[in-house]
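Trainee: Pasting in a structure now, in structure tokens, and then I'll have a few things to ask.
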Amino acid sequence: MSIRLDQLDFVHPNGLVALKRIQLQVRAGEQVALIGPSGAGKTTLLSVIGARLVPTRGQVTVLDQAVDMQDEHSLRLLRPRIGSIYQSPPLPARQRVVTAVLAGRLGVWPVWKSLASLLYPMDINGASKVLSQVQLSDKLFDRCDQLSGGQLQRVGMARVLYQQADLALADEPVSALDPGLALAMLQVLQQDASARDATLITSLHAVDLALGCFPRIVGLRDGEIAFDLPAQEVTQAMLDDLFANEATQAKDGDMSAAQHTLIQPPA
Amino acid sequence: MAMIDSRRDPLAVSRLSLSLLIVLLAWPVLKAAEFNPGALFDAANLKVIGRFLAAFLPPQTGADFLSELLQATLQTLAIATAGMSLALLVAVPLAYRVSRVCRAHPGLQLITRGLLTVLRGIPELVWALLFVRLMGLGPAAGVLALGLTYGGMLAKVYAEILESVDQTPARASQAAGASRPVAMLYGLLPLAAKELVSYTVYRWECALRASVVMGFVGAGGLGQLMDQAMKMLNGGEACSVLIVFLCLVVLADSLSGWLRQALDAPSQRQPSAFGLRSTWFGLLLTLSIFSSFALLSIDFSDLLSLQAGQSMAWFVSGFFPADMSADVLLKTVYGVWQTLAVSVLGTALAAVAGLLLAVSRPRTLVNAVLNVCRSVPELVWATLTVLAVGLGPFAGALALALHTTGVLGRLFAQAIDNATRAPTLALRHVGASRSLAFVYATLPQIAPQLLAYTLYRWEMNIRMAAILGFVGAGGLGQLLYVALSLMDYPQACTLIIAMLLLSMLVDQASAWLRRLMA
Chain U
1 MSIRLDQLDF
11 VHPNGLVALK
21 RIQLQVRAGE
31 QVALIGPSGA
41 GKTTLLSVIG
51 ARLVPTRGQV
61 TVLDQAVDMQ
71 DEHSLRLLRP
81 RIGSIYQSPP
91 LPARQRVVTA
101 VLAGRLGVWP
111 VWKSLASLLY
121 PMDINGASKV
131 LSQVQLSDKL
141 FDRCDQLSGG
151 QLQRVGMARV
161 LYQQADLALA
171 DEPVSALDPG
181 LALAMLQVLQ
191 QDASARDATL
201 ITSLHAVDLA
211 LGCFPRIVGL
221 RDGEIAFDLP
231 AQEVTQAMLD
241 DLFANEATQA
251 KDGDMSAAQH
261 TLIQPPA
Chain Y
1 MAMIDSRRDP
11 LAVSRLSLSL
21 LIVLLAWPVL
31 KAAEFNPGAL
41 FDAANLKVIG
51 RFLAAFLPPQ
61 TGADFLSELL
71 QATLQTLAIA
81 TAGMSLALLV
91 AVPLAYRVSR
101 VCRAHPGLQL
111 ITRGLLTVLR
121 GIPELVWALL
131 FVRLMGLGPA
141 AGVLALGLTY
151 GGMLAKVYAE
161 ILESVDQTPA
171 RASQAAGASR
181 PVAMLYGLLP
191 LAAKELVSYT
201 VYRWECALRA
211 SVVMGFVGAG
221 GLGQLMDQAM
231 KMLNGGEACS
241 VLIVFLCLVV
251 LADSLSGWLR
261 QALDAPSQRQ
271 PSAFGLRSTW
281 FGLLLTLSIF
291 SSFALLSIDF
301 SDLLSLQAGQ
311 SMAWFVSGFF
321 PADMSADVLL
331 KTVYGVWQTL
341 AVSVLGTALA
351 AVAGLLLAVS
361 RPRTLVNAVL
371 NVCRSVPELV
381 WATLTVLAVG
391 LGPFAGALAL
401 ALHTTGVLGR
411 LFAQAIDNAT
421 RAPTLALRHV
431 GASRSLAFVY
441 ATLPQIAPQL
451 LAYTLYRWEM
461 NIRMAAILGF
471 VGAGGLGQLL
481 YVALSLMDYP
491 QACTLIIAML
501 LLSMLVDQAS
511 AWLRRLMA
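So the sequences go chain by chain: U and Y. If you count the first sequence from 1, position 11 lands on 11 in our numbering, and the numbers rise without skipping. If you count the second sequence from 1, position 226 lands on 226 in our numbering, and the numbers rise without skipping.
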């Protein structure tokens with residue numbers, strides 16, 4: 001069992017309840033899509049699985065290891081095996097793409113290599129290979145602040161591909177890409193994961209992409225798991241129910257359910 | 001993908017050549033600055049500085065000394081205040097004359113501009129030294145030196161502030177027939193007042209530090225007391241003076257902070273522009289200026305007598321013509337080079353130390369260290385480093401480094417706090433250590449800022465390196481001090497011209513660099 005979440009609660013410091021009684025198990029090598037309306041807790045759930053947030057209650061087991069945020073040593077060993085893709089990749093503006101990608105292995109590289117790589121990139125070929133997978137090989141030596149939002153998202157993806165993590169957690173990884181490219185990039189992530197028998201969990205706004213690409217769908221609403229089913233068993237009624245609250249909010253000029261199939265560039 | 005293997009980093013060549021250039025330049029710089037960290041651990045030096053520092057505790061608290069200390073403290077405050085009021089007298093007409101605002105035909109004002117350059121291009125310490133030669137030991141020399149240098153500085157900045165505010169109201173009143181002074185009073189001053197006052201308060205704070213420093217060349221106050229204590233290696237007295245000085249700096253800092261905050265407070269609705277608070281403040285200010293002059297008992301009528309004029313003219317004429325013999329010129333050029341080397345080494349050491357301190361914990365301890373570092377002026381540090389590593393430029397570089405570390409460390413820490421945390425956290429979450437995450441994710445964000453701060457301090461350090469030699473820390477200052485002591489005034493004149501040229505060059509270079517980076 002790659003991931004096991006047991007009776008998990010998460011409450012934000014401001015009192016907002018983000019996750020309630022989450023019960024989730026994912027086998028090694030499985031590929032799961034997380035869907036749900038905005039504010040359902042998808043990002044929080046991914047952060048807890050990625051050992052980035054401490055749950056308020058409950059036990060987290062990731063890659064067959066119980067996560068203990070106090071234990072710096074085991075955390076240092078666990079974290080290089082978890083790769084995170086962020087909706088808006090946190091990359092320093094003035095850094096070059098090659099350095100940003102190579103930073104994916106800082107957790108495993110010896111210190112001398114990491115420092116030398118700042119002067120001369122230590123693995124140009126490796127960076128070049130993953131960048132060509134995300135169709136950015138011409139941007140290898142460009143600076144991050146010269147890229148568009150969609151290109152930056154793919155650099156973030158390339159970093160995780162380079163990291164060769166056993167568990168990849170992707171939070172809206174294709175939100176800034178056009179539909180054709182979005183599909184292609186999801187397939188790149190999936191092929192990389194299955195080639196290495198790695199686990200992949202992706203949150204997606206685009207429901208059709210989730211249903212079309214992923215064998216297992218987890219629906220999240222108000223911090224609770226609404227359903228956890230094989231893709232072919234998810235019905236339109238379930239989806240309508242999942243996004244129901246948002247549809248009512250749409251009347252007040254908020255976000256509509258229909259928008260979830262549209263592509264939203266990150267802020 | 002056959003192309004993959006043929007890829008080379010396009011920056012490699014430029015990075016390599018930059019590193020080579022730095023290495024090639026570093027060698028002569030280290031040589032000229034007589035870089036010798038071993039001197040810090042030399043047994044004889046350790047004994048001297050160790051014994052001196054050991055004598056710091058307990059501080060001297062004898063009743064006689066304390067009354068002397070109180071006198072000196074009052075004198076320092078009085079020198080700063082009197083010097084500033086003199087500077088204002090110099091600055092206001094000069095700023096009015098040199099400023100381009102409200103002029104139909106903005107001329108170059110070459111003579112006034114040249115006068116300003118000379119006034120602020122020659123460091124106040126050199127002015128002080130000259131006035132001490134002319135008028136003898138005592139606070140009068142300090143007041144005059146401050147008046148001239150700060151007058152020049154204030155005039156330049158006042159003119160710039162006036163030029164930077166919106167000109168339309170002033171132009172409108174001129175179009176309606178107002179004369180230039182009236183148009184400036186009604187159209188410009190209200191817009192520029194806050195900035196003008198704020199800069200003046202800041203300069204008063206600097207004047208306080210400067211008046212202490214000038215004491216080292218005999219211009220009275222705490223500096224002179226400190227100098228005596230250092231010369232007699234009396235650690236206890238030096239410690240007491242230092243403590244009082246640090247308190248004074250902290251007080252001045254908070255007073256000027258409070259004043260600048262008070263400027264932001266909205267004015268009350270009342271017919272007069274000046275309320276109760278400003279009346280009190282004005283009274284207090286006038287009182288402190290008068291009591292400053294009274295305390296220092298400077299009689300400027302002496303200066304204006306025919307006899308004084310004659311002796312002054314005789315003194316000044318002794319400097320001309322400047323000694324331009326090949327021997328002196330060569331010495332001067334080497335002095336300039338050594339001054340530059342000292343400033344580079346001091347700034348580089350400070351940048352490294354400042355960055356290390358800025359990322360160190362616990363924060364409170366680091367802040368305390370940084371505060372002490374930057375509260376003690378470079379020249380005071382130099383008197384200590386001269387004891388620690390012996391006379392020479394390396395002592396100067398260390399003194400610059402100590403003071404600048406305090407300044408840069410604080411600025412760097414602020415820059416780090418303002419950097420975005422997300423990139424750093426993301427790297428921590430792939431298992432990178434704290435320091436690696438810092439160099440990979442925080443440093444790239446703040447690097448341009450760090451560079452700008454360092455260059456800015458380097459500019460100030462070049463000027464400072466030129467005068468640290470007065471306490472034996474090498475460079476142009478040491479040559480000038482020796483020449484003045486030997487009464488070789490023509491040679492001193494050459495050296496002062498060199499200082500002036502260096503300061504003008506730095507001005508131009510930094511203006512050019514600022515345009516380049518903007």
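Backbone N, C-alpha and C fix where the C-beta goes; we use that ideal spot for every residue, glycine too.
Are the CB atoms of V471/Y and A341/Y nearer to each other than 8 Å?
Mentor: Their beta carbons are not under 8 Å apart, which means V471/Y does not touch A341/Y by this criterion.
Trainee: Shortest alpha-carbon distance to L204/U belongs to which of Q190/U, D171/U, G212/U?
Mentor: If we check each option's Cα against that of L204/U, D171/U comes out closest.
Trainee: With three or more beta-carbon pairs closer than 8 Å as the criterion, would you say the stretch 294-312 of chain Y touches the stretch 94-101 of chain Y?
Mentor: These segments do not touch.
Trainee: Can we say the stretch 145-163 of chain U touches the stretch 460-480 of chain Y, given the rule of at least three CB pairs closer than 8 Å?
Mentor: They do not touch, by the three-pair rule.
Trainee: By the criterion of Cβ-Cβ separation under 9 Å, what are the contact partners of V155/U in chain Y?
Mentor: Neighbours of V155/U on chain Y: none; closest Cβ ~12 Å, over 9 Å.
Trainee: Does A93/U come within less than 8 Å of chain Y when only Cβ atoms are used?
Mentor: It does: the Cβ of A93/U has a partner Cβ on chain Y nearer than 8 Å.
Trainee: Taking Cβ to Cβ, would you say G50/U is nearer than 8 Å to K42/U?
Mentor: No; because the gap between Cβ atoms is not below 8 Å, this pair is not in contact.
Trainee: Under 8 Å Cβ to Cβ from L188/Y, same chain only, skipping five residues before and after it: list those, please.
Mentor: Taken in chain order, the residues that qualify are V101, C102, L162, V165, Q167, P169, A170.
Trainee: Going by C-alpha to C-alpha distance, which of R57/U, R81/U, G83/U, L53/U sits closest to M69/U?
Mentor: Of the listed residues, the one whose Cα sits closest to M69/U is L53/U.
Trainee: Could I get the ranges of all uninterrupted alpha helix (DSSP H) runs contained in the stretch 138-211 of chain Y, with 4 residues as the minimum, in chain order?
Mentor: Within the stretch 138-211 of chain Y, the complete alpha helix (DSSP H) runs of at least 4 residues are 139-164, 168-175, 180-183.
Trainee: Closest by CA to P173/U, which one among V48/U, I85/U, I22/U, P215/U?
Mentor: Checking every option, the nearest Cα to that of P173/U belongs to I85/U.
Trainee: Ordered along the chain, which non-local residues of its own chain (more than five positions away) have a Cβ less than 7 Å from that of V143/Y?
Mentor: I79, A82, G83, L86, L296, I298, listed in sequence order.
Trainee: Can you list, in chain order, the residues of its chain with a C-beta nearer than 7 Å to that of A210/Y? Leave out the 5 residues immediately preceding and following it.
Mentor: Result list for A210/Y: E124, L146, in chain order.
Trainee: Once DSSP output is grouped into helix, strand and coil, what is the label at E224/U?
Mentor: In the structure shown, E224/U sits in a strand (DSSP, three-state: E or B).
Trainee: I need the boundaries of the alpha helix (DSSP H) containing A33/U, first residue and last residue.
Mentor: Looking at the DSSP string, A33/U is not in any alpha helix (DSSP H); the run it does join, the beta strand (DSSP E), is 31-35.
Trainee: Whole angstroms are fine: how far does the CA of S343/Y sit from the CA of L502/Y?
Mentor: Going from the Cα of L502/Y to the Cα of S343/Y covers about 12 Å.
Trainee: Helix, strand or coil for S375/Y per DSSP?
Mentor: S375/Y: helix per DSSP, three-state reduction.
Trainee: Roughly how many angstroms lie between the CA atoms of L484/Y and V316/Y, to the nearest whole one?
Mentor: Distance between the alpha carbons of L484/Y and V316/Y: 13 Å.
Trainee: For A267/U and A159/Y, what's the separation of their Cα atoms in angstroms?
Mentor: Note on A267/U: pLDDT 41, under 50, position unreliable in the model; the coordinate value appears next. Rounded to whole angstroms, A267/U to A159/Y spans 44 Å at the Cα level.
Trainee: For V108/U, I'd like the list of residues in its chain whose CB is within less than 6 Å of its CB, leaving aside the five on either flank, ordered along the chain.
Mentor: Taken in chain order, the residues that qualify are P80.
Trainee: Starting from the N-terminal side, write out each stretch of the alpha helix (DSSP H) that is 4 residues or longer and does not extend beyond the stretch 361-449 of chain Y.
Mentor: Runs of the alpha helix (DSSP H) inside the stretch 361-449 of chain Y: 363-375, 378-389, 393-418, 422-428, 434-437.
Trainee: How long is the line joining the alpha carbons of K113/U and A262/Y, rounded to whole angstroms?
Mentor: Rounded to whole angstroms, K113/U to A262/Y spans 54 Å at the Cα level.
Trainee: Measure the CB-CB distance between L140/U and A127/U and report whether it falls below 8 Å.
Mentor: Cβ distance < 8 Å, so L140/U and A127/U count as in contact.
Trainee: Quick check on S84/U: does DSSP put it in helix, strand or coil?
Mentor: Note: S84/U maps to strand in three-state DSSP.
Trainee: What in chain Y is Cβ-close to P37/U, meaning under 8 Å?
Mentor: Neighbours of P37/U on chain Y: none; closest Cβ ~24 Å, over 8 Å.
Trainee: Starting from V26/U and walking both ways along the beta strand (DSSP E), at which residues does that stretch end?
Mentor: Segment 17-26, the beta strand (DSSP E) holding V26/U.
Trainee: Compare the C-beta of Y440/Y against all C-beta atoms of chain U and say whether one is closer than 8 Å.
Mentor: Yes, contact with chain U.
Trainee: Going by DSSP, which residues form a beta bridge with R96/U?
Mentor: Paired residues: R143/U.
Trainee: Measuring alpha carbon to alpha carbon, tell me which of L242/U, I3/U, P179/U, Q232/U ends up nearest A268/U.
Mentor: A question about residue 268/U goes unanswered here, because the residues of chain U that appear run from 1 up to 267.
Trainee: Taking only three categories from DSSP, how would you classify I49/Y?
Mentor: Note: I49/Y maps to helix in three-state DSSP.
Trainee: Comparing C-alpha positions only, which one of Q153/U, L45/U, Q164/U sits nearest to A18/U?
Mentor: When each option's Cα is compared against that of A18/U, the closest is L45/U.
Trainee: Work out the CA separation of S240/Y and V359/Y for me, nearest whole Å.
Mentor: If I take the Cα positions, the gap works out to 32 Å.
Trainee: Could you please give the first and the last residue of the uninterrupted alpha helix (DSSP H) stretch that includes R120/Y?
Mentor: 110-121 is the extent of the alpha helix (DSSP H) around R120/Y.
Trainee: Pull up the distance between the alpha-carbon of G138/Y and that of L480/Y, whole angstroms please.
Mentor: Taking the straight line from one Cα to the other gives about 21 Å.
Trainee: In the DSSP assignment, what are the bridge partners of L89/Y?
Mentor: In the DSSP output, where bridge partners are listed per residue, L89/Y has none listed.
Trainee: So with CB distances below 7 Å, who are the chain U contacts of P444/Y?
Mentor: Going along chain U in sequence order, the residues near P444/Y (Cβ under 7 Å) are P92, R94, Q95.
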